[in-house]
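In what follows, a single structure is set out as structure tokens and then discussed.
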Amino acid sequence: MQTGNTIILALGASNQPEGHPNQWLEALIAILSFFIGAFSTSRISNLLGPLRRSTLGLSFFVQGALIAIAAALVQAEIVPGLHPDSTEDFLQLVPLAMLSFQAGAQCIAARHLGFNEIPTTVLTSVYCDLGNDPELFVPLQQNWKRNRRFIAVVLLLLGAIIGGWLSRTNEGMAAGLWMASAIKLIISVAWFVWRKDGNQKPAT
């Protein structure tokens, strides 16, 4: 995700892409917000205990809340949704920053949980790791990392398909954001009610 934003940022030096002279600014905001989200989530999680249920629950609650705020801003037409033309509105930077921040937090959560084989935001490395896996075709029970990578690809594909169709409804872009927010908040609640691991300190 941030690879593409970095390229767009670089293209801004030559006033590209045409018709979107300020898209470099959107890319810059996305990159900075993603980094700040990853940086702050990492520090706060390490301070509170990265594997504590309360820490993970709080992290996903913040992620879900940020998506919900972005959805509300779009649905209330305070900020514009998707534009088929070259119209640009700097208010779009507000939900963009929120969504990028929570994406960074999501990546850190995956790292702390030990699922390094699932970047959660990009698939390039996942495709590479699948192609490089010498046990790609072994039975399901013998390669859980491969299984998780494959499931990540399928779920991201399905999510994009569902999001695309939701964007065509009367609710537009906000519908997909509300669904994403609901999923995050459900995960947040799940962390608080999840059965405690005896090797972990109790959540607070």
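For the sequence shown, the working numbering gives the first residue as -18, with consecutive numbering after it. Note that the Cβ used here is the ideal one computed from N, Cα and C, for glycine as well.
Please name the residue in the options whose C-alpha comes closest to that of residue i.
i    : options              : result
A171 : S35, I89, A90        : S35
G157 : L39, I50, P(-2)      : I50
C88  : V119, V135, I17, R33 : I17
I10  : A161, F71, H93       : F71
E116 : R130, E152, T105     : R130
M154 : R127, V60, V174      : V60
R127 : V107, L29, L28       : V107
I12  : P2, L39, Q(-17)      : Q(-17)
A84  : P2, L29, A57, S21    : S21
How long is the line joining the alpha carbons of residue i and residue j, rounded to whole angstroms?
i     : j    : result
Q73   : N124 : 42 Å
S(-7) : Q4   : One point to set straight first is that residue -7 is Gly, not Ser, in the sequence displayed. So the alpha carbons of these two residues sit roughly 7 Å apart.
L80   : L6   : 15 Å
N113  : R176 : 36 Å
L111  : N97  : 13 Å
L54   : S162 : 13 Å
What span of residues does the alpha helix (DSSP H) with residue i cover, start to end?
i     : result
N128  : 125 to 147
G38   : 34 to 56
S(-5) : Unbroken run through S(-5): none, as it is neither H nor E.
H1    : Where H1 is concerned, there is no enclosing alpha helix (DSSP H), given that its DSSP letter is neither H nor E.
G157  : 154 to 174
In chain order, each alpha helix (DSSP H) run of at least 4 residues that lies wholly inside the segment 59 to 121: 74 to 93, 105 to 113
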